[in-house]
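Residue numbers (this note's numbering), protein chains in the order written: chain A, 60 to 396; chain B, 900 to 1359.
For glycine and all other residues, C-beta sits at the position ideal for the given N, C-alpha and C.
One structure below.
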């Protein structure tokens, strides 16, 4: 076995997982966002349309979450073993939320008198899952109390003001993605409404980005040092500049009532924030101490999985793209119920 | 404030969620294969009844598959939430096996499920058959990896320990560890039997109520022609699995037989209340000598008793003992139903003998009972080890307070109870509605909802 493998393999797996989680965030992001918006839709007909617009995709979207969980266990078992006990209650609440909203897709159309129950399960489950995912991002940034390779903190250590704000921030981001999605996939009243809500969402997202750009470096000296180091400042400056441009772009696209740009530029915002996060935290997988090399599985395990992942991940990505492509022009899913 | 034992609570929570989850794969592994058989028969014979039956059951399959998916997502996180020390120490080995399950089985199933459920009138027949086959074999591949991981934890092989962490030494030995072939054969057979009794029971119900009689005959007839030989085969496979367990996990066998003393010519205990404190059985009813014969296939074969191990190194026999008897009892009932059914069929009375039909209706869930009982035997029987003779369950637990685990047990019971009730209600509705003689042509939009497993069941 090459002597470089223990250095390279964790990087490769970190890249695969970062990509997998990003795909999950985008895909389930808009579909959870639709669940958050669900109770506020103008009317019943709009709600049906909203649900139908994501109905064909939600299953496939959530497969990426399974890949994330399984992949983290396999590639970075120590990180998996710290992250999940540290976020025990929120993770299980998130899973409960995802279960409730998942079955709501299926049972809502079969219910007659109890439809309100599945509506509530869909909206409640989606909102809960989105908030907790946001909280998890915040908890990840603030780091975990680790001793001897295991979580050493309490059940509610994660619960800080910072985390409450990241929870709402990610939910706002998901709402923005959902608006972009609805603009592409609907018409008439629902589309008008999506433009309007999207306008609020982009303001909220912009505000949160500003808040975090100030709060995070203030709270974490090492992150501040990384961004404001003279050598890095120039190299990293495109990230905030492009983010600002993308925010303005979304706002303008919404104002001009463009069809595809609000969604595409929202994705760009997510991508840039995600990059910013990666720059802030790399190479830590459990900040502030555990790096991807500390947490990595044995090289022979990472290599064994890589043999499978190299052919299979592109196939899965290809299939996902194909499934979106092939259903793109089907706007009316009313035949479903 | 009383003390909440985190280990016990974590075990209860894991047992509850994994028991709930296994119900769905147990059913869909067999059902997808039966759907493949039905579709092949339809293509071979051109008889519409096979197609109608396949379409009807594919709706029930869809509901069950969807519930298996949502309860499966939970499992992929629960290793970390409940057993972080196991995840850390065993991640090098368990992780890749579980990841391969996601990459090889999830992909196949997710990729072809849509075509299988919605593509009937929209893709060429050969493509549809391929999709059905992909889903059927996808479930088998999934079972392969999951059972390999479980078997490895029961009979570890192909590993080495470095600095307290397990490392893979030989992937072939590790994947095909000593108990894996037996467990895999036993579980897949159990899944097929589970499906056969659901299908046969519902077919019998139609015949009893004089509804969908031709379809009911297909269901009962095909189910019987499977379990009449598969149930006895399962007894043989179980016996082989038992011999393998006796070799690798003798304490488990001692527990499931409630044998305290090592000896030759040991009895077969039919009934007893094992008492772990006193290390003896109360109210024992036993057949002398038969225990050695069954377990070792020799009249005077030596069988180790639980006292061979220190109390902290052996399982409490209570659950394995009773669960084993429930499992074997179910198996014997299945064999009897197969024999009686075969005799009735040869006499041409299978579809009209009401007491037999009633018995089949009552026994529809018998496979689920046997599967759950069997898993309780093997999982409780391997205690106190989570990785046999390497890592104790009590040492594998996450650093999570008992109160958190208790809270989540309540959450899972409420949520699963709720969705299980709804899913069961909906599947019962599909059964009552029965197969449709002239299936309506699905329109274009339906096809495009192909990524949704449960959606197939909802189109009026």
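| query | result |
| --- | --- |
| Span of the alpha helix (DSSP H) holding residue 343 of chain A? | That residue, residue 343 of chain A, is in no alpha helix (DSSP H); its beta strand (DSSP E) goes 343-345. |
| Just tell me which of B/1214, B/1045, B/1044 and B/1173 has its CA closest to the CA of residue 1150 of chain B. | B/1214 |
| Where does residue 931 of chain B land, buried or exposed, given buried means 16+ other C-beta within 10 angstroms? | buried |
| Indicate whether residue 189 of chain A and residue 230 of chain A have their beta-carbon atoms separated by less than 8 angstroms. | yes |
| Using a Cβ-Cβ cut-off of less than 8 angstroms, give me the residues of the stretch 151-185 of chain A that come near chain C, in sequence order. | Given the protein chain composition of this structure (A and B), no chain C is represented. |
| Does the stretch 1038-1046 of chain B touch the stretch 1106-1113 of chain B, meaning 3 or more C-beta pairs lie closer than 8 angstroms? | no |
| Between residue 1046 of chain B and chain A, is the shortest Cβ-Cβ distance under 8 angstroms, so that the two count as touching? | no |
| Does the beta-carbon distance from residue 1005 of chain B to residue 122 of chain A come in below 8 angstroms? | yes |
| Report the option in B/929, B/989, B/1009 and B/914 whose CA atom is closest to the CA atom of residue 120 of chain A. | B/1009 |
| Using a cut-off of 7 angstroms between C-beta atoms, extract the partners of residue 139 of chain A located in chain B. | 979, 986 and 990 |
| With a 10 Å radius around its C-beta and 16 neighbouring C-beta atoms as the bar for buried, classify residue 108 of chain A as buried or exposed. | buried |
| Along the stretch 222-249 of chain A, where does the CB come closer than 7 angstroms to a CB of chain B? Name the residues. | none |
| Have a look at B/1329, B/1277 and B/1239 and flag the residue whose alpha-carbon is nearest the alpha-carbon of residue 1049 of chain B. | B/1277 |
| Whose Cβ in chain B lies nearer than 7 angstroms to the Cβ of residue 136 of chain A? | 986, 987, 990, 991 and 994 |
| Between residue 1023 of chain B and residue 1056 of chain B, is the Cβ-Cβ spacing less than 8 angstroms? | no |
| Just by C-beta distance, which residues in the stretch 198-214 of chain A are closer than 8 angstroms to chain B? | 208, 209, 210, 211, 213 and 214 |
| Grouping DSSP H, G and I as helix and E and B as strand, with all else coil, what is residue 316 of chain A? | coil |
| Roughly how many angstroms lie between the CA atoms of residue 1368 of chain B and residue 981 of chain B, to the nearest whole one? | In the structure as shown, chain B starts at 900 and stops at 1359, and residue 1368 of chain B therefore has no counterpart that could be examined. |
| Going by DSSP, which residues form a beta bridge with residue 1180 of chain B? | B/1173 |
| Specify the secondary structure class of residue 1071 of chain B as computed by DSSP and reduced to three states. | helix |
| Note down the Cα distance separating residue 342 of chain A from residue 1297 of chain B, rounded to an integer number of angstroms. | 25 angstroms |
| If you drop the 5 nearest sequence neighbours on each side, which residues of the same chain put their C-beta closer than 8 angstroms to that of residue 1174 of chain B? | 1180 and 1181 |
| Quick one: does residue 1006 of chain B have its CB under 8 angstroms from some CB of chain A? | yes |
| Along the chain, where does the beta strand (DSSP E) that runs through residue 1284 of chain B open and close? | 1284-1286 |
| Name, going along the chain, the residues of the stretch 336-365 of chain A whose beta-carbon falls closer than 7 angstroms to a beta-carbon of chain B. | 356, 357, 359, 360, 363 and 364 |
| With DSSP run on the structure shown, which of helix, strand or coil describes residue 1059 of chain B? | strand |
| Chain B partners of residue 124 of chain A, CB-CB under 7 angstroms? | 972 |
| Am I right that residue 1269 of chain B and residue 1230 of chain B are in contact with their C-beta atoms under 8 angstroms? What's the rounded C-beta distance? | 6 angstroms |
| On the three-state DSSP scale, how would you describe residue 168 of chain A? | coil |
| Would you verify that the beta carbon of residue 142 of chain A is, or is not, closer than 8 angstroms to some beta carbon of chain B? | yes |
| Going by DSSP, what residue range makes up the alpha helix (DSSP H) through residue 1083 of chain B? | 1079-1107 |
| Give a yes or no on whether 8 angstroms exceeds the smallest Cβ distance from residue 976 of chain B to chain A. | yes |
| What did DSSP end up calling residue 350 of chain A once you bin it into helix, strand or coil? | strand |
| Tell me the rounded alpha-carbon separation between residue 1311 of chain B and residue 165 of chain A. | 20 angstroms |
| For chain B, is any of its Cβ atoms less than 8 angstroms away from the one on residue 368 of chain A? | yes |
| Nearest to residue 1127 of chain B by alpha carbon, out of B/1160, B/1088 and B/1145? | B/1088 |
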